[in-house]
DNA sequence: CATAATCTTTGACTTTAGTCAAAGGATCGC
DNA sequence: GCGATCCTTTGACTAAAGTCAAAGATTATG
């Protein structure tokens, strides 16, 4: 990856400063109005029933600190704390009626604040702002996602393949049979590789590389979680797989995909893949692609 | 102005949340490394010589709190505190050599953090991110700017005209004579109006409306501070002036501008102004425009 | 020139945020 | 069924952030 130019760094920091000072600070100040910020945030994160453990990891809080804050909210009648039905070590927290009202009020205030900030703009300018923000957010999310090789039998790998299978099953008119998935040993060690994309610790995508014949590899199960689509993650996975293939001395990569996955086909085409006749009789493929690799990528 | 749609509010808040949680929090955490955040921020805001008063209003701090923080930094040898040369009530703070080194280190860390966040992106993606951020920032700044009528003799009005005159003087080959500026009484009360644009309390632009003859007004001195250009502020000032003109029953607005101000001409044209023959013998005008107003704007 | 206003310092607080360790109850793995 | 592990609670702290008011030193104002 290219080193980051000082120009980019400067502009990025410039925006950070402006934004956190102007918006972030304001937000915090208003949200917590008559309640400590920590408690207000907690209230916000408790949807309908979360475990303390979940909150603790999500917000990165100390166990003792969290326990006490939850207790304070309980004393104020805003949340109900109960024992987890299946694991009595865990505590479940949920909003009471009063808590939901309080949260609504909190949201109302935050909405009013946001509306006040946007007030001076025309509708067209608001549209442009919204678009710029969503572009920025997409790119920031993408930047935060890491792609790492994992063992084909690792839980994260299997979880991705399960999600992939369910996804395809719902999309294909003919359904999808899990027996078509790669077996762990096909994508481990000498035989191949498996990559998982992580966003804040959660697997949000995957891709497999399998040896078809000497010097020829096959890409399979390139998949991106619905929440992480349209970020450009598939291309990142593709790059990682191709780099791995090149490192393993493959000169040709093949793959098949389904007619209904038109975005996928467009991506492969623009990535240098060309359509070829079927090279195997996979049940679910009906478009076949190939790309010649140009030596190991540095 | 249109009411803000819930869609815009939702997207705006969505971005806020993501950004403050991902970037803002991180930033704070790293910046303050071995020093309380408050002190780190203070160090950052002390360029070369600011008064405590300035810092107090800029950062919104309690006087006592600030006094103590400054003292802590002084004790660490990072800043020098002296009495203001012209007003012995004020204290001036400036960085010492050690303070500048410390600040540099702080910046280095923040840069490294930013570079780390951008690391996963390609150069093209970084470009797009930078562009989206600067668009967002421009629009957020514009949204924060208010345009208000002030008396033509008010200090803010005179300050803007001074800046305007200096600006024009530097731009025009023939210089600019301040006697051409409107006199306060020409833009006060019945005779006309004067608008000033404020960004965070500072005047950053102005525009004057003057009665030429019955039902005919003239726009003069539409000016935007160099720091606030390319935000769309001139157009906002124009809108405010036209609204005011319509409210006063003017049916025609005229103005003159200089050949060297091509952006200004483009703006007037796109705002519905058409070029006309000279309507007076102003020294500095060489392009003349007119617009017919279509009744009071609501 | 007296009075009001401005700016800073100091003392005495409070609240928030957060840490650490010990202990108790529950579940998991063998 | 026993020890290791996990989750929460509680007690005992600390540091940071912030508030309030009184007082001292200057400067502005009528």
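Chains as they are written, first to last, in the numbering used here: chain U, 1 to 298; chain L, 1001 to 1298. Just so you know, even glycine gets a beta-carbon here, dropped at the ideal spot from N, CA and C. Every value quoted in this text rests on a predicted model; they were computed, and no experiment measured them.
- Between residue 20 of chain U and chain L, the shortest Cβ-Cβ separation is below 8 Å.
- Where residue 1213 of chain L is concerned, the enclosing beta strand (DSSP E) starts and stops at 1202-1213.
- Just so you know, the alpha carbons of residue 1028 of chain L and residue 37 of chain U end up roughly 16 Å apart.
- Inclusion of residue 93 of chain U and residue 81 of chain U in the CB contact set at 8 Å is warranted, their separation being smaller than that value.
- Rounded to whole angstroms, the Cβ separation of residue 147 of chain U and residue 240 of chain U is 5 Å, and the two are in contact under 8 Å.
- Using a Cβ-Cβ cut-off of 8 Å, residue 103 of chain U does not count as an interface residue toward chain L, since no Cβ of chain L sits closer than that to its own.
- At a cut-off of 8 Å between beta-carbon atoms, residue 46 of chain U makes no contact with chain L.
- Exclusion of the five residues before and after residue 1274 of chain L leaves 1289, 1290 and 1291 as the residues of its chain whose Cβ lies within less than 8 Å of its Cβ.
- Taking CB atoms only, residue 13 of chain U has a neighbour in chain L less than 8 Å away.
- For residue 1118 of chain L, the enclosing alpha helix (DSSP H) starts and ends at 1097-1118.
- When C-beta distances to chain L are compared with 9 Å, the residues of the segment 224-238 of chain U below that value are 232 and 236, in chain order.
- With 16 or more other Cβ atoms from the protein chains shown falling within 10 Å of its own Cβ, residue 79 of chain U counts as buried.
- Per DSSP, the continuous beta strand (DSSP E) segment holding residue 1219 of chain L begins and ends at 1216-1224.
- With a threshold of 16 other beta carbon atoms within 10 Å, residue 86 of chain U falls short and is exposed.
- With a threshold of 16 other beta carbon atoms within 10 Å, residue 1189 of chain L falls short and is exposed.
- In the three-state reduction of the DSSP assignment, residue 198 of chain U falls in the strand class, which pools E and B.
- By the neighbour-count criterion, in which 16 or more other beta carbons inside 10 Å mark a residue as buried, residue 1226 of chain L falls on the exposed side.
- Look at residue 86 of chain U here: in three-state DSSP terms it is coil, with no helix or strand label.
- Chain-order list of chain L residues neighbouring residue 108 of chain U: empty, with the shortest C-beta distance near 11 Å, by a criterion of under 9 Å.
- Beyond the five residues adjoining it in sequence on each side, residue 1171 of chain L comes within less than 7 Å, by CB distance, of 1260 in the same chain, given in chain order.
- Of all C-beta pairs linking the segment 1215-1223 of chain L to the segment 1240-1256 of chain L, three or more are shorter than 8 Å, placing the two stretches in contact.
- Residue pairing by DSSP places residue 1180 of chain L opposite no residue, since no beta bridge is assigned to it.
- Residue environment: residue 1007 of chain L is assigned as exposed (fewer than 16 neighbouring CB atoms within 10 Å of its CB, all protein chains considered).
- For residue 8 of chain U, a Cβ of chain L is located within less than 8 Å of the residue's own Cβ.
- Interface residue (Cβ-Cβ distance to chain L less than 8 Å): residue 69 of chain U is not classified as such.
- Sorting L:1057, L:1066, L:1070 and L:1023 by C-alpha distance to the C-alpha of residue 1118 of chain L places L:1023 at the top.
- In the DSSP secondary-structure assignment, residue 135 of chain U is not bridged to any residue.
- For residue 1027 of chain L, the uninterrupted alpha helix (DSSP H) segment begins and ends at 1025-1031.
- Residues of chain U whose Cβ lies closer than 8 Å to the Cβ of residue 1128 of chain L are, in chain order, 135 and 139.
- Counting the other CB atoms within 10 Å of its CB gives residue 236 of chain U a total of 16 or more, which places it among the buried residues.
- For the segment 1122-1169 of chain L, the continuous beta strand (DSSP E) assignments of 3+ residues that do not extend past its boundaries occur at 1146-1150, in sequence order.
- Under the Cβ distance rule, residue 125 of chain U counts among the residues neighbouring chain L, one pair being separated by less than 8 Å.
- CA-CA distance, residue 1152 of chain L to residue 1193 of chain L, rounds to 7 Å.
- The criterion of a C-beta distance shorter than 8 Å is not satisfied by residue 1210 of chain L and residue 1228 of chain L.
- Within a 10 Å sphere around the beta-carbon of residue 1099 of chain L sit 16 or more other beta-carbons, which makes this residue buried.
- Shown here, residue 256 of chain U sits in a strand according to DSSP, grouped into three states.
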